[in-house]
Amino acid sequence: MKPEERIKEIERTRSGIKRACARSAGFSDAVPVFGHGPVPCGVMVVGEAPGRDETRLGIHFVGKAGQFLISVLRDVFGREREGYYITNVVKVWPVVRTKRGRTRKPTPEEEDFFAPFLEREIKAVDPAVIIAVGKTAFSALVPDAEFAPGRWAKHNGRPVMPVYHPSYLLRRQKSLDESVAAMKAALAEAKKRLA
Ligand code: URA
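Pasting the structure below:
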């Protein structure tokens, strides 16, 4: 695929997500947050789902945990957020409808609903490495493997590097320094795969 065709395919995928949400029973009033970044791109970052902040701004990983992840990525890859193609398995905020809205885990049905769109993004972006952020992202990409941060896996022949989700790490402040060092080591391995 030529670069222009890849960009077109990402645009078509966005329209597909909008249409699928509008027609669905569950997401017709949801605001999808699309993947963003250069196309093609050597590094694709896949998270779980957007939260409140991401939905408000239409950009992935902008909340507290997201900013932390971006800073760790920057330390290793030396790139700002614009240097990666960043997306999520689920494209809408999985929310419990309380007054303010409370984030919940996406359901397997929600993951399945968006899976074809993630696949299209991967093909169009054609990354040399995929960083799977957290267990949900990893399991969506490599369903039969155990989630082992730092250990290479494959999705349709493409290298996948799993790392812990930043919100999980931030909840474990005591071991944060150690976890960040391990995450940086895993990301440094991923960086080696770039041409
Ligand atoms: N957590 C994710 O997995 N993705 C985001 O975009 C934000 C938080």
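In numbering that gives the first Met the number 0, the protein residues as written are 0 to 194.
No residue lacks a Cβ here, since even glycine has one placed at the ideal position from N, Cα and C.
The structure displayed is predicted, hence computed values, not measured ones.
So residue i is in the beta strand (DSSP E); what residue range does that whole segment cover?
{"i": "Y84", "result": "Y84 to N87"}
{"i": "R55", "result": "Here R55 belongs to no beta strand (DSSP E); instead the alpha helix (DSSP H) covers R51 to L56."}
{"i": "P161", "result": "R157 to V162"}
Let's see if you can read the secondary structure: which residues bound the alpha helix (DSSP H) around residue i?
{"i": "G15", "result": "P2 to R22"}
{"i": "K183", "result": "L175 to K191"}
{"i": "G36", "result": "Neither: G36 is in no alpha helix (DSSP H) and is coded neither H nor E."}
{"i": "G65", "result": "K63 to F76"}
Please indicate yes or no: does the CB of residue i lie closer than 7 Å to some heavy atom of the ligand URA?
{"i": "G15", "result": "no"}
{"i": "P105", "result": "no"}
{"i": "L79", "result": "It should be pointed out that residue 79 corresponds to Glu in this sequence rather than to Leu. No - the ligand URA has no heavy atom lying nearer than 7 Å to the Cβ of E79."}
{"i": "G46", "result": "yes"}
{"i": "G198", "result": "This structure leaves residue 198 out entirely; the chain is present only between 0 and 194."}
{"i": "A64", "result": "yes"}
{"i": "G133", "result": "yes"}
{"i": "H164", "result": "yes"}
{"i": "E120", "result": "no"}
{"i": "V60", "result": "Correcting the residue type first, residue 60 is Phe in the shown sequence and not Val. For the ligand URA, at least one heavy atom lies less than 7 Å from the Cβ of F60."}
{"i": "E53", "result": "yes"}
{"i": "N87", "result": "yes"}
By the 10 Å Cβ neighbour count, where 16 or more other Cβ atoms means buried, how is residue i classified, buried or exposed?
{"i": "V95", "result": "exposed"}
{"i": "R80", "result": "buried"}
{"i": "T97", "result": "exposed"}
{"i": "L56", "result": "exposed"}
{"i": "K90", "result": "buried"}
{"i": "K193", "result": "The amino acid occupying residue 193 in the given sequence is Leu; Lys does not appear at that position. With fewer than 16 Cβ atoms within 10 Å of its Cβ, L193 is classed as exposed."}
{"i": "T86", "result": "buried"}
{"i": "P107", "result": "exposed"}
I'd like the list of long-range same chain contacts for residue i, defined as Cβ closer than 7 Å, with 5 residues on each side in sequence excluded.
{"i": "I6", "result": "V38"}
{"i": "E4", "result": "none"}
Between residue i and the rest of its own chain, which residues show a CB-CB distance below 6 Å, the 5 nearest in sequence each way excluded?
{"i": "I16", "result": "P31, K90 and F116"}
- Message: Whether or not the stretch 126-139 and the stretch 147-157 are in contact is what I'm after, with contact meaning three or more pairs of Cβ atoms, one per stretch, closer than 8 Å; do they touch?
- Response: Three or more beta-carbon pairs separated by less than 8 Å link the stretch 147-157 to the stretch 126-139, which places the two stretches in contact.
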